[in-house]
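First comes the structure, then the notes that go with it.
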Amino acid sequence: MRILLINPNVLKPPIAPVGLEYTAEQLIKKGYTVKLIDQIEQVDLKEEVIAFNPQLIGLQIRNFDNTMFFNQQFYLDDIREQIAELKGISEAKIMVGGTAVNLMPEEVINYVGADIAIATKGFRAMEHLLSKLEKGEEVPKIIADLDDYVQGSFKRNLINHSIYEKKGTMIGVATKFGCPFECTYCDYPAVDGKRTKLREPSEVVDEIRNLVKKGTMNIFFVDANFNVPAWHAIKILKILNEEQLRINWDAYLNPHPRMFTDEFFQELFKSGKKYVNLGVDSLDDATLRYLQKMFTVGDVKRATELCHKNGIKVNYNLLFGSPMEKRGNILGSFRNIDMLKPDRVDVCIGLRVYKKTPLYYQLLKEGKITEKTDILKPYYVPIPEENIALIQEEAAKRPNCFSQSIEQFMIQ
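In the working numbering, the protein residues as written are 777 to 1188.
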């Protein structure tokens, strides 16, 4: 069977399609004829489709939108147009998959006009689909399997990663899937599943080694938290350090002492890390409790001091706009910025509401939204204008605070 996989490249800044590359490699291993088109490269899609004559076309949909409270950009209209064009030149079934599809498969497939939605982080669902297509059996509209996850070693040779690095983007590598936490607004457990599913550290390092051989030196670990559990991250870093694979790596790190352990920090330090990203969301303990974070401002202080004592710069990601947030909570976070002295703070405003999150169910219970509320398109928790003005005013006073557009994976 001929399978065409497409990265629509609607994200700005562009992000290399990790899951799509994993899928393509797995299908090739299974003996399928696969063509992967990454539209960051200038290609004539119509010409490529006609020449390849696929029997199945798959598009990756990573994000619904740019997750910015201001200057919102909705990506699914572009994908819908592309699917309509594909249907005009090919009789192949059109499948969509990716993070956005995992979260809201029915809404996405109905909006973009695809034939099939695959909601998974593994390969079983795809194998199930292909088996039905090959047997000529009826295919369900949505095939979901969040218990499965990517395993094995990958060559990572199907995408031109240098294009992304030249644009300042890091290349993603997954070390695990799933998230055991229930942070109020976060969609990771809904997208990946609540059970943490770990890849073998040796296989992760094999993948990194393959990327390095191609000249890729900037790696972003795309996990919800790279150091959860700590022992798994330690093992990966130990192998990298033993092999002296001196990559420029980044990840979101959890500052909790059970995760940001002394041993983890030692391996991080040995790896030559010059800065760390702490995904703290808030520096106000009351807000952290509302967000259902498992750490405190004191934990953030400990991790920050450990880094600074060893010459490592620290970056925080702060997210303002929680429903309970008052003036005092906002000012408390900024006072703690002054106390902790991080080297950089990316200040984000607005909690994007996603289905299947604690925030979504809370708003439903309070009657602030209904099950018919359209949250496929950007929908944020309302924020009082005076709070927005206060956040912007306080951030502007501090040279280490920057307005952030959720541009993860950027090379630092």
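Every residue, glycine too, gets a C-beta built ideally from N, C-alpha and C.
Does the separation of the CB atoms of Leu1059 and Asn1003 fall below 9 Å?
No, the pair does not count as a contact, with Cβ atoms beyond the cut-off.
Can you check whether the CB of Asp1122 is closer than 9 Å to the CB of Phe1178?
Contact flag set, yes.
Looking at Ala895: is its Cβ nearer than 9 Å to the Cβ of Pro881?
Closer than 9 Å, so yes.
Going by DSSP in three states, Leu780 sits in which element: helix, strand or coil?
Strand.
Ile833: which of Ala860, Leu1116 and Leu974 sits nearest, CA to CA?
Of Ala860, Leu1116 and Leu974, the residue nearest in Cα terms is Ala860.
First and last residue of the beta strand (DSSP E) that includes Ala893?
Element bounds for Ala893: Ile892 to Lys897.
May I ask you to report which of helix, strand or coil DSSP gives Val1189?
Since the displayed the chain opens at 777 and closes at 1188, residue 1189 lies outside it and no answer follows.
Assuming contact is defined by CB atoms lying nearer than 9 Å, are Leu812 and Leu934 in contact in what I supplied?
Yes, they are a contact pair.
Nearest by alpha-carbon distance to Ala721: which of Leu905, Met844 and Gly873 is it?
Examination of residue 721 is not possible in this model, given that the chain is present from 777 through 1188 alone.
Among Leu987, Lys1046 and Thr1133, which residue has its Cα nearest to the Cα of Ala792?
Considering only alpha carbons, the answer is Leu987.
In chain order, what residues of the same chain have a beta carbon less than 7 Å from the beta carbon of Asn1176, not counting five sequence neighbours either side?
So the list reads Pro1118, Asp1119, Arg1120 and Val1121, once near-sequence residues are dropped.
May I ask you to list the residues that DSSP assigns as paired with Met871?
DSSP, once it has assigned bridges, lists Gly834 and Ile892 as partnering Met871.
My guess is that Ile1088 and Val1052 are in contact by the Cβ rule of under 8 Å, so how many angstroms apart are they, rounded?
Their Cβ separation, rounded to whole angstroms, is 6 Å, which keeps Ile1088 and Val1052 in contact under 8 Å.
What number of angstroms, rounded off, separates the C-alpha of Asn1105 from the C-alpha of Leu1064?
Each residue's alpha carbon lies about 10 Å from the other.
Note down the Cα distance separating Pro790 from Tyr851, rounded to an integer number of angstroms.
If I take the Cα positions, the gap works out to 13 Å.
Helix, strand or coil for Arg971? Go by DSSP, reduced to three states.
Three-state DSSP puts Arg971 in coil, outside helix and strand.
Looking at Thr1133 and Tyr961, is the spacing between their C-beta atoms short of 9 Å?
The answer is yes: Cβ separation under 9 Å.
Unbroken beta strand (DSSP E) runs of length 3 or more, entirely within the stretch 899-944: which are they?
Runs of the beta strand (DSSP E) inside the stretch 899-944: 918-925.
Quick one, are the C-beta atoms of Leu1029 and Lys1077 less than 9 Å apart?
No, these two residues do not count as a Cβ contact at 9 Å.
As a quick exercise: from Ala800, Ile1010 and Ile995, pick the residue whose alpha carbon is nearest that of Asn1024.
Comparing Cα positions, the closest option is Ile995.
Between Ile779 and Val825, which are expected to be in contact by the criterion C-beta below 8 Å, what is the C-beta distance as a whole number of angstroms?
Not a contact, Cβ separation roughly 12 Å.
According to DSSP, Ala1000 sits in a beta bridge with which residue or residues?
Beta-bridge pairing links Ala1000 to no other residue.
Closest to Trp1007 by CA distance: which of Glu1019, Thr992, Thr951 and Leu1021 is it?
Selected option, being the one with the closest Cα: Thr951.
Please determine if the stretch 1154-1167 and the stretch 1094-1102 are in contact, where contact requires at least 3 C-beta pairs separated by less than 8 Å.
As far as the Cβ criterion goes, the stretch 1154-1167 touches the stretch 1094-1102, which means the pair count is three or higher.
Between which two residues does the alpha helix (DSSP H) harbouring Tyr1136 extend?
Pro1134 to Lys1141 is the extent of the alpha helix (DSSP H) around Tyr1136.
Could you name the residues of the same chain whose beta carbon sits closer than 8 Å to that of Tyr1136, not counting the 5 residues immediately before and after it, in chain order?
Val1129, Tyr1130, Ile1145 and Ile1151.
Which same chain residues end up closer than 6 Å to Gly928 when comparing Cβ atoms and leaving out the 5 residues on each side of it in sequence?
So the list is empty, once near-sequence residues are dropped.
To the nearest whole angstrom, what separates the beta carbons of Gly991 and Ser1047, a pair I think is in contact under 8 Å?
Contact flag wrong, Cβ pair sits at about 19 Å.
Considering Ser1179, what are the terminal residues of the beta strand (DSSP E) in which it resides?
It spans Cys1177 to Ser1179 - the beta strand (DSSP E) in which Ser1179 sits, taken as one unbroken run.
Smallest Cα separation from Lys1102: which of Ile782, Thr1080 and Tyr1066?
Comparing Cα-Cα distances from Lys1102 to each of Ile782, Thr1080 and Tyr1066, the minimum goes to Tyr1066.
Among Ile855, Leu906 and Val819, whose alpha-carbon lies nearest the alpha-carbon of Val884?
Per the Cα distances, Ile855.
Can you name the start and end residues of the beta strand (DSSP E) that Cys1124 belongs to?
First-last of the beta strand (DSSP E) with Cys1124: Arg1120 to Ile1125.
So, is Lys897 buried or exposed, given that buried needs 16 or more other C-beta atoms within 10 angstroms?
Buried.
How many whole angstroms separate the CB atoms of Leu1044 and Leu1021, which I take to be in contact at a CB cut-off of 8 Å?
Their Cβ separation, rounded to whole angstroms, is 14 Å, which puts Leu1044 and Leu1021 out of contact at 8 Å.
Measure the CB-CB distance between Asp1038 and Gly969 and report whether it falls below 9 Å.
No, the Cβ-Cβ distance between Asp1038 and Gly969 is not below 9 Å.
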